[in-house]
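Please read the structure below before turning to the comments.
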Amino acid sequence: MATHLKNLSEYSQINVADVSHRRFGIVVAEWNSEVTEILLKGALETLQKYGAQSENIVIKRVPGSFELPLASQKLAQIPTIDAVIAIGCLIQGETRHFNFIAQAVAEGIMQVGLKCNKPVVFGVLTTNNLEQALERAGGKYGNKGEEAAITAIKMINI
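Every letter in the sequence shown is one number past the one before it in numbering that gives the first Met the number 0, and letter 16, counting from 1, is 15.
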């Protein structure tokens, strides 16, 4: 979705409904917190913009992105949670570690959604450097946290 030509936070308001009666879980990686906290803020502001009540949003923090799938699963298994948003930031390093972690996190989050039969949204940045991450966390490409919240809202209304 992210390209040099598109702001991630621009979206169609078609199918974006009031969510005042819905409950959301958000799992946030602490690693790269200078980025993930901005993403979390964007997600929270967007959910609240469409009516989500603070008491209906459960936030859990995990050490890093690798832990997002398990924590997402724990939240998704709560019957009253309608959707889960997984927020993380992976920045390419000098080794192949990034590739293994990124693939595991993406597959893990997808599997949780399929297993629990509810939206589990991939709000994880996978960038080459911190500058790119910040550009996608409130910078020139918008805020991936906002995009993740809109995705959750649209998916629970399917």
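Where a beta carbon is used, it is the ideal one built from N, C-alpha and C, also for glycine.
Since I believe Gly107 is in contact with Gly122 (beta carbons under 8 Å), could you give me their beta-carbon distance rounded to a whole number of angstroms?
Contact doesn't hold; Cβ gap of about 14 Å is too wide.
Can you tell me the Cβ-Cβ gap for Lys117 and Asp81, rounded? I've got them flagged as a contact below 8 Å.
7 Å
Buried or exposed: Ile157, going by 16 or more other Cβ atoms within 10 Å of its Cβ?
exposed
Nearest residue (CA-CA) to Lys59, options Val34, Phe65, Val27 and Gly41
Val27
How would you write the range of the beta strand (DSSP E) that Lys59 sits in, first residue to last?
Ile56 to Val61
Given a cut-off of 8 Å, decide if Ile37 and Asn142 are closer than it, judged by their beta-carbon atoms.
yes
Closest to Met109 by C-alpha separation, out of Leu69, Glu134 and Thr79, would be which residue?
Leu69
Does Gly141 come within less than 8 Å of chain B when only Cβ atoms are used?
Judged by its chain identifiers, the structure shown contains no chain B, having just a single protein chain.
Quick check on the DSSP output: what are the complete alpha helix (DSSP H) runs of length 4 or more inside the stretch 86-117, in order along the chain?
96-115
Kindly indicate the opening and closing residues of the alpha helix (DSSP H) around Leu50.
Going by the sequence as given, residue 50 is Gly instead of Leu. Here Gly50 belongs to no alpha helix (DSSP H), and DSSP marks it neither H nor E.
Compute the distance between the beta-carbons of Val43 and Val57, then report whether it is under 8 Å.
Just to set this straight, residue 43 is Leu in the shown sequence, not Val. No; because the gap between Cβ atoms is not below 8 Å, this pair is not in contact.
Taking 7 Å as the cut-off, is the beta-carbon of Tyr49 closer than that to any non-hydrogen atom of the ligand HEM?
The ligand HEM is absent from the structure shown, which contains no ligands of any kind.
So, for Ala16: in the same chain, excluding its five sequence neighbours on each side, which residues have a beta-carbon less than 8 Å away from its beta-carbon?
Tyr49, Ile152 and Asn156
Between which two residues does the alpha helix (DSSP H) containing Thr150 stretch?
Lys143 to Ile155
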